[in-house]
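If you use my numbering, the sequence shown corresponds to residues 257 to 659, in order.
Some notes on the structure that comes next.
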Amino acid sequence: MYAKNCLRFTALYFFLFVSSLMFAQKATESEAMKAPTKLVVGVVVDQMRYDYLTRFWDQYSEGGFKRLVHGGFVAKNHHFNYAPTSTGPGHASVYTGTTPATHGIIGNDFFDIASGSMVYCAGDDQYASVGVSSDEGKMSPHRLLTSTMTDQLRLHYKNKAKVISISVKDRGAVLPGGHMANAAYWFVGGEQGLWVTSTYYMDALPKWVADFNAQQSIAQYKKPWNLLYNEKKYDLSVADDNLYEGPFKGEQKPVFPHDLPALWNQNGGYGILRATPYGNSMLTDFALEALKQEDLGQDKTPDFLAISYSSTDYVGHQFGVDSKEVQDTYLRLDLEIARLLKALDRQVGTGQYTLFLTADHAAIPVPAYLQDQKIPAGYVEANAIKQGIDQFVQDRFGAGLVS
257 MYAKNCLRFT ALYFFLFVSS LMFAQKATES EAMKAPTKLV VGVVVDQMRY
307 DYLTRFWDQY SEGGFKRLVH GGFVAKNHHF NYAPTSTGPG HASVYTGTTP
357 ATHGIIGNDF FDIASGSMVY CAGDDQYASV GVSSDEGKMS PHRLLTSTMT
407 DQLRLHYKNK AKVISISVKD RGAVLPGGHM ANAAYWFVGG EQGLWVTSTY
457 YMDALPKWVA DFNAQQSIAQ YKKPWNLLYN EKKYDLSVAD DNLYEGPFKG
507 EQKPVFPHDL PALWNQNGGY GILRATPYGN SMLTDFALEA LKQEDLGQDK
557 TPDFLAISYS STDYVGHQFG VDSKEVQDTY LRLDLEIARL LKALDRQVGT
607 GQYTLFLTAD HAAIPVPAYL QDQKIPAGYV EANAIKQGID QFVQDRFGAG
657 LVS
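Put into structure tokens, the structure is as follows:
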């Protein structure tokens, strides 16, 4: 499908614990020597299951997921052997190439023995917010115990390689950027909808980020969420009106169309966009601005742009993996990937960049839905387990040992 000098990218797709998919360039060694990579683009799709690729295949465009598959290498059996999986450990494992026992990010939140308290994987009170007055910018990668591929790029090129990491989620930006990123940016909702960072990276936002925030291009996404295509095309998902999904606050039923403007104030203003496909669109907007303003891939020293699409995870948690909302989100994400690839072709050059696409973790169907389909399933009651352990310890060793 592609000529020898056509797009060169690597797209890696794996779920921790399930199976994986990887796309790599189809180029000879001599071609690689002639056209060295000027930019590496790492794309993580939060909560993407392997079967989303095959399940919605016939409805994807030729320029998104299909372009990656047809133009790259697909590895279906790659995984990192650890559990449980979640966003923090998943991103850390992707970018360090190792597991939580080694890189230290064992959960989104976890108990820290040194401090004797629960901690957030990217939280760091030693640093202040940049671009917002709230505490949502108090982040750093200090809990990450190993280096990342982005760190190694910076080390190899003696800090001449530029690393920019972005995500709607703070941890989805901080962890891929590693310890040496030039910048990591994440999204804060509320009345304005801002891209922010931490003093770990800088003392003030670059002019281009401040200008991007001020332009309020994000306002275009304050609109109802309707299906992208005719509802008949969504027959691979469950009925829209069902018992397995959660409505937005103020919404009577979790069904299309979702009137986001009417639900705005009850759901954190621009924060509601996180749980819609528009969250992926605004991330692509910001990524393309970063690509342009930071001059990524414009010289002989390769740069790295880390992008984590987080809205897929929010939508999956809100509506479930079998929902029409999830299907619609992936059909729209396919178009975002196509938009990203076109911009990379134009600004960096076809065959001049390497791209991988992966997931940080997957998800299971709603247990209640599985039960209704006569599949053995259920929910783990963590408090009941804790109470049982507490009672066992007291019975065996005496009262007072468990607080």
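In this text, a Cβ means the ideal position worked out from N, Cα and C, and glycines have one as well.
As the structure is a computational prediction, the values presented were derived from the model and not from experiment.
#1: Can you grab the Cα-Cα spacing for the pair residue 503 / residue 509, in whole Å?
#2: What are the uninterrupted segments assigned as alpha helix (DSSP H) that are 4 or more residues long and contained completely in the region 380-461, given in chain order?
#3: For the alpha helix (DSSP H) that residue 312 lies in, which residues bound it at each end?
#4: Take residue 593 and list the residues in its own chain whose beta-carbon comes closer than 6 Å to its own, dropping the five residues that flank it on each side.
#5: Which of the three DSSP states, helix, strand or coil, is assigned to residue 563?
#6: Take every Cβ of the region 542-551, pair it with every Cβ of the region 399-417, and state whether three or more of those distances are shorter than 8 Å.
#7: Taking DSSP as the reference, what is the three-state secondary structure of residue 614?
#8: Can you give the Cα-Cα distance for residue 217 and residue 426, rounded to whole angstroms?
#9: Less than 9 Å between the beta carbons of residue 473 and residue 582, yes or no?
#10: Taking one C-beta from the region 388-401 and one from the region 307-325 each time, how about it: are there three or more such pairs within less than 8 Å?
#11: Three-state secondary structure (DSSP) at residue 298?
#12: Would you decide whether residue 372 is buried or exposed? Buried here means 16 or more other CB atoms lie within 10 Å of its CB.
#13: Can you list, in chain order, the residues of its chain with a C-beta nearer than 6 Å to that of residue 421? Leave out the 5 residues immediately preceding and following it.
#14: With a threshold of 7 Å on Cβ separation, who are the neighbours of residue 245 within its own chain once the five nearest residues in sequence on each side are excluded?
#15: May I have the straight-line CA-CA distance separating residue 361 from residue 308, to the nearest angstrom?
#16: With residue 373 as the anchor, note down where its beta strand (DSSP E) starts and where it stops.
#17: In chain order, what residues of the same chain lie with their CB nearer than 7 Å to the CB of residue 394, ignoring the 5 residues before and after it?
This is what the structure gives:
#1: Position 247 of the sequence shown holds residue 503. Position 253 of the sequence shown holds residue 509. Rounded to whole angstroms, the separation of the alpha carbons of residue 509 and residue 503 is 6 Å.
#2: Within the region 380-461, the runs of alpha helix (DSSP H) that reach at least 4 residues and sit entirely inside it are, in chain order, 405-412 and 426-433.
#3: On the sequence shown, position 56 is the one that residue 312 refers to. Taken as a continuous stretch (DSSP letters only), residue 312 belongs to no alpha helix (DSSP H), as it is neither H nor E.
#4: Sequence index remark: in the sequence shown, residue 593 carries index 337 (1-based). The answer, listed in chain order, is 320.
#5: Walking along the sequence shown from the start, residue 563 turns up at place 307. Residue 563 falls in the strand class under three-state DSSP.
#6: In short, these stretches do not touch, since the Cβ pair count stays below three.
#7: Counting from 1 along the sequence shown, the entry for residue 614 is found at position 358. Note: residue 614 maps to strand in three-state DSSP.
#8: Outside the displayed range of the chain (257 to 659) lies residue 217, so it cannot be described from this structure.
#9: Position 217 of the sequence shown holds residue 473. Position 326 of the sequence shown holds residue 582. In terms of Cβ geometry, residue 473 and residue 582 do not form a close pair [threshold 9 Å].
#10: Fewer than three Cβ pairs drawn from the region 388-401 and the region 307-325 lie within less than 8 Å of each other, which leaves the two stretches out of contact.
#11: Here residue 298 corresponds to residue number 42 of the sequence shown, with the count starting at 1. DSSP, read as helix, strand or coil, puts residue 298 in strand.
#12: Locating residue 372 in the sequence shown gives position 116, where the first residue counts as 1. With fewer than 16 other Cβ atoms within 10 Å, it is exposed.
#13: What you label residue 421 is simply residue 165 of the sequence shown in a count that begins at 1. Excluding positions up to five away in sequence, the list reads 429, 432, 433, 437, 440 and 562.
#14: Limits of the chain in this structure are 257 at one end and 659 at the other, which puts residue 245 out of reach.
#15: Residue 361 sits at position 105 when you count from the first residue of the sequence shown. Residue 308 sits at position 52 when you count from the first residue of the sequence shown. If I take the Cα positions, the gap works out to 27 Å.
#16: Within the sequence shown, residue 373 is the residue found at index 117, counting from 1. Residues 373-376.
#17: Residue mapping note: residue 394 aligns to position 138 of the sequence shown, counting from 1. Excluding the 5 residues flanking it on each side, residue 394 has same chain C-beta neighbours closer than 7 Å at 379, 380, 381, 383, 384, 385 and 454, in chain order.
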